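First up is the structure itself, then whatever we jot down about it.
Residue numbers (the working numbering): 20 to 172.
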């Protein structure tokens, strides 16, 4: 079974898809619209997307796409989200100037940014992708907010 997700391997959607359909093939997509396009064209069997969050509320972009496309919700899966501030080895919290992550994750971590005024939240297309960006660019003044699985991806 091929399942489209918005984001990279190691994202929360990736984790949910693996738990919902063990052994599935994950098809990462950079944008949510691409996920819906793939389902509509039949290039994947299904998609796993977040539609609601207990801290940040509804993911309105996904509701809009659900209403605009000829797709339907087949199953629901509740995933406990635990955010981690992920940095390169040796980087200290006081070194941080920017933190990258998906806008919903940044909103969920708003208390961290209130307590750390010198750290700028920077929206990124994906939680796991933000960690990949920090690592690939060897950013020593930045972090990514993501789940632990993003480090292993």
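A virtual CB, placed ideally from N, CA and C, is assigned to each residue, including glycine.
Predicted, not measured: the structure shown is a model, and the values here were computed from it.
According to DSSP, residue pairing for residue 128 in a beta bridge does not occur. Taking one beta carbon from each stretch, the segment 81-90 and the segment 151-162 have fewer than 3 pairs nearer than 8 Å; the two do not touch. A Cβ-Cβ contact shorter than 8 Å links residue 160 with residue 116. Taking C-alpha positions only, residue 55 is separated from residue 80 by approximately 11 Å. Between the alpha carbons of residue 40 and residue 149 lies a distance of about 25 Å. The alpha-carbon of residue 58 is positioned some 11 Å away from that of residue 46.
Taking C-beta separations shorter than 7 Å and ignoring five residues to either side along the sequence, the partners of residue 114 in its chain run 159, 160, following chain order. Pairing residue 49 with residue 64, the inter-Cα distance amounts to about 18 Å. Here DSSP, grouped into helix, strand and coil, assigns residue 139 to strand.
Bridge pairing for residue 144: absent [DSSP]. In the structure shown, residue 89 adopts coil according to DSSP, grouped into three states.
Membership of residue 36 in the alpha helix (DSSP H) is indicated by the continuous run 31-39.
As far as DSSP is concerned, residue 115 takes part in no beta bridge. For residue 163, the enclosing beta strand (DSSP E) starts and ends at 161-165.
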